[in-house]
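> To start, I am sharing the structure in question, which I have written as structure tokens.
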Amino acid sequence: MRSIAPLLAVLALSLPGCVYKLDIQQGNLVTQDVVSKLKKGMTKSEVRQVLGTPLLMDPFHGNRWDYYFSTEKNGRATERTRFSVFFDSDKLVSVTGDIKPGTPAPAAAATPAPATPATTATK
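Heads up: the sequence shown at position 44 corresponds to 1537 in my numbering, and the numbers run straight through without jumps.
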């Protein structure tokens, strides 16, 4: 019994160090495909339909919406994306952030075009 007591004490003291940390995802994921759907002159409701509800809406600057996305794995940030849209008279005038409109997505640019089969005319 005496030899088991120290072992149990070591186990009891070491188990609190084995904590599971959840993967945390916050914000709206804004991708290049989504940004390419934005056009100047879109209304606020159209932009909200494309991007979703903004994470930050400053009551003092109603002409700016901020979208922020981050993921954490094992307590460390793995991805962070910032994206802002600006309005004038409730119409989209510009966008800024980590994703630029008109920039091709890396996966789409690296994908080769499918080969078209050769066709022959028969008479």
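Positions of the beta carbon are idealized from the N, C-alpha and C atoms, including for glycine.
Keep in mind it's a predicted model, so treat the numbers as computed, not measured.
Is it the case that the Cβ atoms of residue 1517 and residue 1564 are separated by a distance below 8 Å?
If you number the sequence shown from 1, residue 1517 lands on position 24. If you number the sequence shown from 1, residue 1564 lands on position 71. A contact, by the Cβ cut-off of 8 Å.
> Please state the DSSP three-state secondary structure of residue 1512.
As a working note, residue 1512 is residue 19 in the sequence shown. If DSSP states are grouped into helix, strand and coil, residue 1512 belongs with coil.
> Looking at residue 1546: is its Cβ nearer than 8 Å to the Cβ of residue 1583?
Translated into positions along the sequence shown, residue 1546 becomes position 53. Translated into positions along the sequence shown, residue 1583 becomes position 90. No.
> Helix or strand or just coil, what does DSSP make of residue 1538?
Walking along the sequence shown from the start, residue 1538 turns up at place 45. Reduced to three states, the DSSP call for residue 1538 is helix.
> Which runs of the beta strand (DSSP E) at least 3 residues long sit entirely within the stretch 1516-1580? Give them in chain order.
1517-1520 and 1557-1566, all fully within the stretch 1516-1580.
> DSSP three-state label for residue 1587, please.
The residue given as residue 1587 occupies position 94 in the sequence shown. In this structure, residue 1587 counts as strand in the three-state DSSP scheme.
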